[in-house]
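For the sequence shown, full-length UniProt numbering gives the first residue as 1, with consecutive numbering after it.
Cβ atoms here follow ideal geometry from the backbone N, Cα and C, with glycine treated the same way.
Here the structure is a predicted model, which is why all the values come from computation and not from measurement.
Below is one structure, written out as structure tokens, with a few remarks after it.
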Amino acid sequence: MAGRRTDRTTGRRPGGEADHVAQPTTTDRGPGAAQRMFAADTASQSLGIELLSAGDGTAELAMTVTAAMVNGHGIAHGGYVFLLADTAFACACNSHGPVTVAAGADVTFVAPAREGDRLRATATERVRFGRSGVYDVTVLRGDEVIAEFRGHSRVYPAGPPPKPGGRP
């Protein structure tokens, strides 16, 4: 609505309405969409995450815990384990083609990972309904469960491609 102020830090108007919606950086659709999305994911690739497979609501990724990923307790920082699981979730839910984003996620850490451990995250679609989906991801070190993750996805509504800078 014209004349109503927007909070610059949240992008919301008084009352909680969004002034604008951030656009995804890709409008990729169709077979191979998860692979193309991952190829453009510099955050995950800079951490050495590898896409092993993706398709039909599933994905498998791997990452080796480096010294830079270890916290003050000498174990892998949970944020890196979460990032691996979240990236597997993203690849699984985007394997169908429409641009899909996370609506929410939860993780349970089961066992610690340490420097040098090779972690594998396997994501599996549980259900899709309307524009939403639920995916489970298990993070393993060998056969040992390190973490269990559940992600809720939302297909991004169709619209014009984003303009440079991510603004509609």
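In or out: Thr-25 buried (at least 16 other Cβ within 10 Å) or exposed?
Position 25 of the sequence shown, counted from the start, is the residue given in the question as residue 25. Its pLDDT being 45, under 50, Thr-25 is placed unreliably by the model, and nothing is read from it.
Which same chain residues end up closer than 7 angstroms to Pro-157 when comparing Cβ atoms and leaving out the 5 residues on each side of it in sequence?
Taking the first residue of the sequence shown as position 1, residue 157 is located at position 157. So no residue of the chain qualifies.
Let me check one thing: in DSSP terms, what residues is Gly-74 bridge-paired to?
Here residue 74 corresponds to residue number 74 of the sequence shown, with the count starting at 1. DSSP, once it has assigned bridges, lists no residue as partnering Gly-74.
Would you kindly check if the distance between the Cβ of Ala-113 and the Cβ of Ala-88 is under 9 angstroms?
For this step, residue 88 is matched to residue 88 along the sequence shown. For this step, residue 113 is matched to residue 113 along the sequence shown. Their beta carbons are not under 9 angstroms apart, which means Ala-88 does not touch Ala-113 by this criterion.
Could you give the DSSP three-state label for Tyr-135: helix, strand or coil?
Position 135 of the sequence shown, counted from the first residue, corresponds to residue 135. Note: Tyr-135 maps to strand in three-state DSSP.
Following the continuous beta strand (DSSP E) through Ser-53, name the residue where it begins and the one where it ends.
Numbered from 1 along the sequence shown, position 53 holds the residue referred to as residue 53. Judged by DSSP secondary structure, Ser-53 falls within the beta strand (DSSP E) whose first and last residues are 50-55.
Would you give the residue range spanned by the beta strand (DSSP E) that Arg-118 belongs to?
In the sequence shown, the residue the question calls residue 118 occupies position 118. 118-129 is the span of the beta strand (DSSP E), which, as asked, contains Arg-118.
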